[in-house]
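Student: Before we start, here is the structure in question, set down as structure tokens.
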Amino acid sequence: MPAASPQRPTFHGDAGTLFGLHVKHFLLTVITFGFYGFWGRSNVRQYLYAQTSLGGDRFTYSGTGGELFRGWIKAVGLFILGGAVAVILSTAVSEILGTVVLYLGAMFVLFPIALLGSRNYRLSRTTWRGIRFSFRGNVSRFLGIFIPGLLLSIVTLGLYFPVFHADIRRYLVNRSYFGNSPFSFNGEGRALFGPFLLNLVLFPFTLGLYSFWYGAWRDRYYWEHTAFGPLSFRSTITGGEVLRLTIENILLLIVTLGFGFAWVQARTIKFRCEHLLLVGQSTLDDVVQDAQGASTTGEGLSEMFELDLVGADFFGL
Amino acid sequence: MHHPAAFGRFEWAGVYFDGRSAARHEVTIVVEREGLRITGARIGQVAWPFADIRQVDSGVADDPIRLERGLTDPEILVVADRGFLPAVQRAAPESLARAADPARRLRLSRRLIPITIGAVVLLIAGYLWGIPWLADRAARRVPVEWENSMGRAMVDRLPEFGAVCADPERVQALRQIVDRLIADGRGGRYTYEVRVIDSKLVNALAAPGGQIVVFQGLIAQAESPEELAGVLGHEFQHVRLQHGTKAILREVPMRLIASAVSSGGSFSGPVTGVATTLAGLRYSRGDEIEADREGMRMLRAARVAPDGMLAFFERMVAESGDTPSALSYVSSHPRDADRRAALEALARDATAAGEGAPLPLLTAAEWATLKRPCTHPAPIP
């Protein structure tokens with residue numbers, strides 16, 4: 001069957017069920033002094049993925065709480081190690097050096113490793129039409145992009161940031177695979193520069209609200225330059241809609257004292273699905289199974305950094 | 001898409017994936033005695049013996065039925081028709097007979113929401129009332145020595161605020177007020193020790209076990225020994241009623257639970273945060289009212305004029321505009337119309353009851369000793 005063109009992902013889940021899951025998750029977490037949290041999080045993800053479909057076929061998520069827990073243990077070990085190094089440097093050399101090494105280490109090394117690991121883990125646990133996604137990035141090569149990019153962004157007082165951001169996007173997308181076929185990104189940071197400057201200039205006059213329009217513009221630009229073989233993506237997000245969704249979500253959380261969390265989550269995923277299009281003709285018959293294993297450490301680290309990007313990385317992007 | 005009825009009883013429409021490619025195959029499934037026969041335009045015929053088939057249950061009501069064959073990269077069969085699973089179960093042996101049927105499952109929300117809301121309410125109630133109730137019971141069993149060492153540990157950190165005013169005349173005058181208040185067992189099982197700290201702060205603190213600290217700034221603001229006695233009576237009652245001990249016994253488990261729960265992420269964080277803050281506010285307010293009431297009783301029983309306590313509190317409220325320090329008397333002893341009215345009623349009550357005319361507390365000379373600036377500061381022993 002050729003893919004109908006264009007098509008969008010659909011979210012079938014309902015907030016009531018999600019709420020039930022969260023409540024169950026909450027109760028078991030309390031009883032187990034927090035340990036159930038890993039399993040609960042996995043269950044919620046399993047639900048969200050299984051309730052999302054593209055072309056009528058559901059995604060699956062096969063990650064487990066045990067894996068998240070092991071990832072967390074490893075991350076804690078890594079942090080203790082980092083802390084120990086900082087303490088040794090502080091006492092042996094100087095206190096300032098120890099602190100600087102700790103913070104720079106977290107910013108320049110741990111954060112990118114977490115970003116990569118989290119992506120690696122999630123993609124490797126995601127399937128669609130029985131075919132696994134995977135991420136084939138390489139830590140040292142990613143650090144080779146991340147560290148100079150972050151340094152340049154700091155040195156140029158943020159002006160380099162859009163280029164840095166697009167470079168990261170390119171690396172992450174180009175090394176994401178569905179079966180044996182990679183996604184591709186051909187966007188350029190330079191193209192972001194004008195709108196980025198405009199956002200900086202307008203920021204004080206619009207109380208930062210213009211960032212919503214800039215963010216939506218960047219989102220559209222990114223998706224337009226993202227492809228999977230003959231298929232390409234489009235985003236129809238607008239700043240006004242994102243702003244409205246954000247305000248509504250905040251109000252919902254305040255009014256319900258946080259109990260509306262499940263509704264916020266479901267609305268946000270629905271919103272993302274409704275604004276994403278897959279364009280082009282392809283049967284995807286040529287895509288065949290071909291995937292590799294993943295370590296769970298990155299996932300654990302991403303949890304410590306609270307980089308929970310639920311809904312952001314369906315379709316491996 | 002064919003309607004299943006068009007195939008008769010044993011034929012169903014579904015979607016098949018072979019586990020090797022992303023190709024989507026619309027297929028016809030026939031339920032036979034030994035298994036499923038799957039027929040599609042590009043795959044020909046595939047036979048799935050029942051023994052090899054397993055159900056992958058999403059646990060969600062009305063989801064399509066998903067069957068798989070093989071362990072790594074399994075073949076997948078997805079059938080949306082509600083009649084399919086019962087048909088398979090009628091034909092299949094043991095293995096599939098117990099498969100969960102999403103069509104017969106209540107929506108998770110309908111089944112779980114009432115139960116879970118009830119459970120959450122119970123848990124929150126247990127958290128807000130159960131833990132404090134247990135803390136109150138436990139506080140009574142805490143030995144005085146434990147409270148003493150706890151109080152010591154707290155008071156030992158106070159030199160940060162200033163030195164202790166240890167001149168003998170001052171200590172002697174203060175002792176007279178203390179003894180008068182706690183005479184006849186009014187202080188309960190505790191031994192009270194009041195220290196004056198050389199600091200401009202207008203405040204007084206009670207640590208568990210009977211360690212009381214009064215800042216010289218508060219004595220400077222008091223206009224009579226009765227006013228000071230009012231403050232001391234209030235603080236003594238915090239000790240006698242174990243407010244500090246109870247707060248510790250209450251807060252420690254509550255904070256532990258709150259931190260355990262918020263590590264679970266999602267919406268549990270804000271919920272427990274709000275609950276803990278509410279609980280803390282409620283109890284500190286209740287404790288202040290109780291200390292007011294019992295403090296006033298103590299004054300009456302000791303035959304100290306009760307209007308001193310009232311006058312001092314009133315003045316502190318009136319002046320609080322000028323001293324917005326976090327350690328000011330008013331910020332740690334919140335006051336409102338209800339509490340003032342309650343205090344006034346208690347004071348009136350005392351006058352009306354005519355329990356014996358109030359007796360003076362200190363001579364003018366003794367009071368002057370207390371009021372004079374700290375001249376012989378010494379560190380806390």
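Protein chains in written order, with my numbering: chain A, 1 to 317; chain B, 1 to 381.
Virtual Cβ for every residue (Gly too), placed ideally from N, Cα, C.
Could you name the residues that DSSP lists as bridge partners for B/E26?
Tutor: Start at 1 with the first residue of the second sequence, and residue 26 of chain B comes out as number 26. In DSSP, B/E26 forms a bridge with B/V15.
Student: Can you check which of these residues, A/L48, A/S124 and A/R267, is closest to A/E67 by C-alpha distance?
Tutor: Locating residue 67 of chain A in the first sequence gives position 67, counting from the first residue. The candidate whose alpha carbon is nearest that of A/E67 is A/S124.
Student: Could you give the distance in angstroms between the alpha-carbon of A/P9 and the alpha-carbon of A/E274?
Tutor: The count along the first sequence starts at 1 and reaches residue 9 of chain A at position 9. The count along the first sequence starts at 1 and reaches residue 274 of chain A at position 274. Near 7 Å, if we compare the C-alpha coordinates of A/E274 and A/P9.
Student: Can you tell me whether B/G264 is helix, strand or coil according to DSSP?
Tutor: The residue you call residue 264 of chain B lines up with position 264 of the second sequence. Caution is warranted here: a pLDDT of 45 is assigned to B/G264, below 50, making its placement in the model unreliable, and no coordinate value can be reported.
Student: Quick one: give me the first and last residue of the beta strand (DSSP E) that A/Q46 is part of.
Tutor: The residue labelled residue 46 of chain A in the question sits at position 46 within the first sequence. Element bounds for A/Q46: not the beta strand (DSSP E) but the alpha helix (DSSP H), Y36 to A50.
Student: Can you pull the chain B neighbours of A/R129, defined as C-beta to C-beta under 7 Å?
Tutor: Counting from 1 along the first sequence, the entry for residue 129 of chain A is found at position 129. Neighbours of A/R129 on chain B, chain order: F17, A22 and R24.
Student: Can you list, in chain order, the residues of its chain with a C-beta nearer than 8 Å to that of A/L97? Leave out the 5 residues immediately preceding and following it.
Tutor: The residue given as residue 97 of chain A occupies position 97 in the first sequence. The residues are L89 and S90.
Student: Please state the DSSP three-state secondary structure of B/D198.
Tutor: Taking the second sequence and counting its residues from 1, one reaches residue 198 of chain B at position 198. Coil.
Student: Which residues in the same chain have their Cβ closer than 7 Å to the Cβ of B/R189, if we skip the five residues on either side of it in sequence?
Tutor: Translated into the one-based positions of the second sequence, residue 189 of chain B becomes position 189. Taken in chain order, the residues that qualify are V144.
Student: Could you spell out the range, first to last residue, of the beta strand (DSSP E) harbouring B/G35?
Tutor: As a position in the second sequence, residue 35 of chain B is number 35, starting the count at 1. Where B/G35 is concerned, the enclosing beta strand (DSSP E) stretches over G35 to G40.
Student: Taking only beta-carbon positions, decide if A/A50 is within less than 9 Å of chain B.
Tutor: Locating residue 50 of chain A in the first sequence gives position 50, counting from the first residue. Chain B, which has a Cβ nearer than 9 Å to the Cβ of A/A50, makes this yes.
Student: Which of helix, strand or coil does DSSP assign to B/D349?
Tutor: As a working note, residue 349 of chain B is residue 349 in the second sequence. Helix at B/D349.
Student: Look at the alpha carbon of A/D265 and the alpha carbon of A/W223, and state the distance between them as a whole number of angstroms.
Tutor: Along the first sequence, read from residue 1 onward, the residue named residue 265 of chain A stands at position 265. Along the first sequence, read from residue 1 onward, the residue named residue 223 of chain A stands at position 223. In the sequence under discussion, the amino acid at residue 265 of chain A is Gln, which differs from the Asp named in the question. Taking the straight line joining both Cα atoms gives about 22 Å.
Student: Would A/L284 pass as an interface residue toward chain B - the criterion being a Cβ-Cβ separation below 9 Å?
Tutor: Translated into the one-based positions of the first sequence, residue 284 of chain A becomes position 284. By this cut-off, A/L284 is an interface position.
Student: Examine the Cβ distances between the segment 254-270 of chain A and the segment 149-160 of chain A and report whether three or more of them are shorter than 8 Å.
Tutor: Output reads no: the segment 149-160 of chain A does not touch the segment 254-270 of chain A.
Student: Determine contact between the segment 227-235 of chain B and the segment 111-131 of chain B, defined as no fewer than three beta-carbon pairs at a distance below 8 Å.
Tutor: Judged by Cβ distances under 8 Å, the segment 227-235 of chain B makes no contact with the segment 111-131 of chain B, as fewer than three pairs qualify.
Student: Buried or exposed for B/F221, please, with buried defined as at least 16 other CB atoms from any protein chain shown within 10 angstroms of its CB.
Tutor: Within the second sequence, the letter at position 221 stands for residue 221 of chain B. Strictly speaking, residue 221 of chain B in this sequence is Gln, with Phe absent from that position. B/Q221 is buried by the Cβ-count criterion.
Student: Tell me the DSSP bridge mates of B/A206?
Tutor: Here residue 206 of chain B is taken as the residue at index 206 of the second sequence, counted from 1. Answer is B/I212, bridged to B/A206.
Student: According to DSSP, is B/C374 part of a helix, a strand, or is it coil?
Tutor: Taking the first residue of the second sequence as position 1, residue 374 of chain B is located at position 374. Reduced to three states, the DSSP call for B/C374 is coil.
Student: Under a Cβ-count criterion, where at least 16 other Cβ atoms within 10 Å of its own Cβ denotes burial, should A/L94 be classed as buried or exposed?
Tutor: Indexing the first sequence from 1 puts residue 94 of chain A at position 94. The sequence shown places Ser at residue 94 of chain A, not Leu. Flag for A/S94 reads exposed.
Student: Can the beta-carbon of A/A86 be found less than 9 Å from the beta-carbon of A/L110?
Tutor: The residue you call residue 86 of chain A lines up with position 86 of the first sequence. The residue you call residue 110 of chain A lines up with position 110 of the first sequence. It is not a contact, given that the beta carbons lie outside the stated cut-off.
Student: Considering only the beta carbon of each residue, do A/L56 and B/E75 sit closer than 9 Å?
Tutor: Start at 1 with the first residue of the first sequence, and residue 56 of chain A comes out as number 56. Start at 1 with the first residue of the second sequence, and residue 75 of chain B comes out as number 75. The question names Leu, but residue 56 of chain A is Gly in the sequence shown. No, the pair does not count as a contact, with Cβ atoms beyond the cut-off.
Student: Threshold first: 3 residues or longer. Then list the beta strand (DSSP E) segments lying entirely within the segment 93-146 of chain A, N to C.
Tutor: Fully enclosed beta strand (DSSP E) runs of 3 or longer: 126-128 and 131-135.
Student: Determine which residues share a DSSP beta bridge with A/D57 and list them.
Tutor: On the first sequence, residue 57 of chain A is found 57 positions in, with the first residue counted as 1. According to DSSP, which records beta bridges pairwise, A/D57 is partnered with A/L54.
Student: If you measure beta-carbon to beta-carbon, which residues of the segment 18-32 of chain A are closer than 8 Å to chain B?
Tutor: From the segment 18-32 of chain A, only F19, G20, L21, H22, V23, K24, H25, F26, L27, T29 and V30 have a Cβ closer than 8 Å to chain B.
Student: Quick check on B/H2 - is its C-beta less than 9 Å from some C-beta in chain A?
Tutor: Here residue 2 of chain B refers to the residue found at position 2 of the second sequence. Low per-residue confidence applies at B/H2: pLDDT is 46, beneath 50, and the placement is therefore not dependable, though the value from the model is reported in the following sentence. So, not an interface residue.
Student: Give the interface partners of A/V101 over in chain B, defined as CB-CB distance under 7 Å, in chain order.
Tutor: By 1-based counting over the first sequence, the position of residue 101 of chain A is 101. None at all; the shortest Cβ gap to chain B is about 27 Å.
Student: Is the beta carbon of B/R66 sitting closer than 9 Å to the one on A/R58?
Tutor: Indexing the second sequence from 1 puts residue 66 of chain B at position 66. Indexing the first sequence from 1 puts residue 58 of chain A at position 58. Yes.
Student: Which residue's Cα is closest to the Cα of B/A301: B/R141, B/A183 and B/V15?
Tutor: By 1-based counting over the second sequence, the position of residue 301 of chain B is 301. Nearest option by C-alpha distance: B/A183.
Student: How big is the Cα-Cα spacing for A/D219 and A/V23?
Tutor: Locating residue 219 of chain A in the first sequence gives position 219, where the first residue counts as 1. Locating residue 23 of chain A in the first sequence gives position 23, where the first residue counts as 1. In a straight line, the C-alpha of A/D219 is about 33 Å away from that of A/V23.
Student: Give the straight-line distance between the Cα atoms of B/F7 and B/G70, rounded to the nearest whole angstrom.
Tutor: Within the second sequence, numbered from 1, the residue matching residue 7 of chain B stands at position 7. Within the second sequence, numbered from 1, the residue matching residue 70 of chain B stands at position 70. Low confidence applies to B/F7: its pLDDT is 45, below 50, so where it sits in the model is not reliable enough to give any reading.
Student: Alpha carbon to alpha carbon, what distance is there between B/Q211 and B/A204?
Tutor: Here residue 204 of chain B corresponds to residue number 204 of the second sequence, with the count starting at 1. Here residue 211 of chain B corresponds to residue number 211 of the second sequence, with the count starting at 1. Distance between the alpha carbons of B/A204 and B/Q211 is about 11 Å.
Student: Give the secondary structure of A/L81 by DSSP, where H, G and I count as helix, E and B as strand, and everything else as coil.
Tutor: Translated into positions along the first sequence, residue 81 of chain A becomes position 81. Correct three-state label for A/L81: helix.
Student: With A/A266 as the anchor, note down where its alpha helix (DSSP H) starts and where it stops.
Tutor: As a first step, residue 266 of chain A must be located in the first sequence, where it is residue number 266. Per DSSP, A/A266 belongs to the alpha helix (DSSP H) from F261 to E274.
Student: Cβ closer than 8 Å: which chain A residues qualify as neighbours of B/V120?
Tutor: By 1-based counting over the second sequence, the position of residue 120 of chain B is 120. Under the 8 Å cutoff, chain A gives V23, F26 and L27.
Student: First and last residue of the beta strand (DSSP E) that includes B/G44?
Tutor: Start at 1 with the first residue of the second sequence, and residue 44 of chain B comes out as number 44. Taken as a continuous stretch (DSSP letters only), the beta strand (DSSP E) holding B/G44 covers G44 to P49.
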